[in-house]
Amino acid sequence: EAEVAQSPRYKITEKSQAVAFWCDPISGHATLYWYRQILGQGPELLVQFQDESVVDDSQLPKDRFSAERLKGVDSTLKIQPAELGDSAMYLCASSPSGDEQFFGPGTRLTVL
Amino acid sequence: GDSVTQMEGPVTLSEEAFLTINCTYTATGYPSLFWYVQYPGEGLQLLLKATKADDKGSNKGFEATYRKETTSFHLEKGSVQVSDSAVYFCALANFGNEKLTFGTGTRLTIIP
Chain A
59 EAEVAQSPRY
69 KITEKSQAVA
79 FWCDPISGHA
89 TLYWYRQILG
99 QGPELLVQFQ
109 DESVVDDSQL
119 PKDRFSAERL
129 KGVDSTLKIQ
139 PAELGDSAMY
149 LCASSPSGDE
159 QFFGPGTRLT
169 VL
Chain B
740 GDSVTQMEGP
750 VTLSEEAFLT
760 INCTYTATGY
770 PSLFWYVQYP
780 GEGLQLLLKA
790 TKADDKGSNK
800 GFEATYRKET
810 TSFHLEKGSV
820 QVSDSAVYFC
830 ALANFGNEKL
840 TFGTGTRLTI
850 IP
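These protein sequence lines map, in sequence, to chains A and B.
The numbering of the first sequence is the numbering used here, which starts it at 59 and goes up by one.
The numbering of the second sequence is the numbering used here, which starts it at 740 and goes up by one.
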């Protein structure tokens, strides 16, 4: 069964360092999402891609976060510099546009 | 803006007990409604969904009915099992906007 892949699964970093997360969606899924899930809360959308184009990044803190999906397949989310408040689970999801979203296992980030 | 309010947890039940997790929403337009489940160490999985008023979503013994008049989508199961222990998220998506808005999640623990 096809799955969304994410790496790394866990990341510990010090504040002010740069971190990057990778997501490989299910093959053929045009839409890709990055969510942030703070402990004890529901996921919140950071950015949505349709193929290689950004559809919604209204909740992405653009002073420190960036996301790209250059070839419309896999995607990278970067934080530079990381802050203590960025500690969270970062979830990637994909969908064949307008349908069910399939989630990856997530990357748990701890900023010290 | 759109929002989802979930019954606060954690919820602890004995095996074979009846389960209800309350969910109400506020949204412009006519959203689709979802329940997602997150097992320990895994990503979110779609449990069930409903796209219009009075629709009943069902899966693995779980059910939820889209009630437009009370803006609710309560999750129910007649007889829970230990394997149902997980965190349950209620979510909505408005037509034409695939972005999911999640509730805060309800942690369910079933004891033998």
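All C-beta atoms in this analysis are idealised placements derived from N, C-alpha and C, irrespective of residue type, glycine included.
Any idea if residue i is buried or exposed, counting beta-carbon neighbours within 10 angstroms, 16 or more meaning buried?
i: B:Gly844; result: buried
i: B:Tyr769; result: exposed
i: A:Ile70; result: exposed
i: A:Ser152; result: buried
With a threshold of 7 Å between beta carbons, is residue i in contact with chain B?
i: A:Leu103; result: yes
i: A:Pro163; result: yes
i: A:Gly44; result: The requested residue 44 of chain A does not occur in the structure, where chain A is confined to residues 59 to 170.
i: A:Gly100; result: yes
i: A:Glu158; result: yes
Taking the alpha carbon of residue i as the point to measure from, which residue in the options has its own alpha carbon closest?
i: A:Phe161; options: A:Leu142, A:Tyr93 and A:Gly86; result: A:Tyr93
i: B:Leu772; options: B:Val750, B:Thr744, B:Thr751 and B:Leu847; result: B:Thr744
i: A:Ala60; options: A:Gln75, A:His87, A:Leu118 and A:Leu128; result: A:His87
i: A:Gln64; options: B:Thr765, B:Gly782 and B:Ala789; result: B:Gly782
i: B:Pro851; options: B:Asp823, B:Ala832, B:Lys838 and B:Ala830; result: B:Asp823
i: A:Asp109; options: A:Lys129, A:Asp115 and A:Gly100; result: A:Lys129
Determine, using beta carbons only, whether residue i comes closer than 7 Å to chain A.
i: B:Leu752; result: no
i: B:Thr843; result: yes
i: B:Lys838; result: yes
i: B:Leu831; result: no
i: B:Gly740; result: no
i: B:Leu783; result: yes
Tell me, which residues are paired with residue i by DSSP?
i: B:Asn798; result: B:Phe801
i: B:Ser753; result: B:Ile850
Note to self: I'd like to know if the stretch 162 to 169 of chain A and the stretch 789 to 802 of chain B are in contact, where contact means that at least 3 CB-CB pairs between them fall below 8 Å.
What the structure shows: no
Margin query: Taking contact to mean 3 or more Cβ pairs, one atom from each stretch, closer than 8 Å, check whether the stretch 753 to 763 of chain B and the stretch 809 to 827 of chain B are in contact.
Written below: yes
Check: Is the stretch 118 to 126 of chain A in contact with the stretch 134 to 142 of chain A, if contact means three or more CB pairs nearer than 8 Å?
Finding: yes
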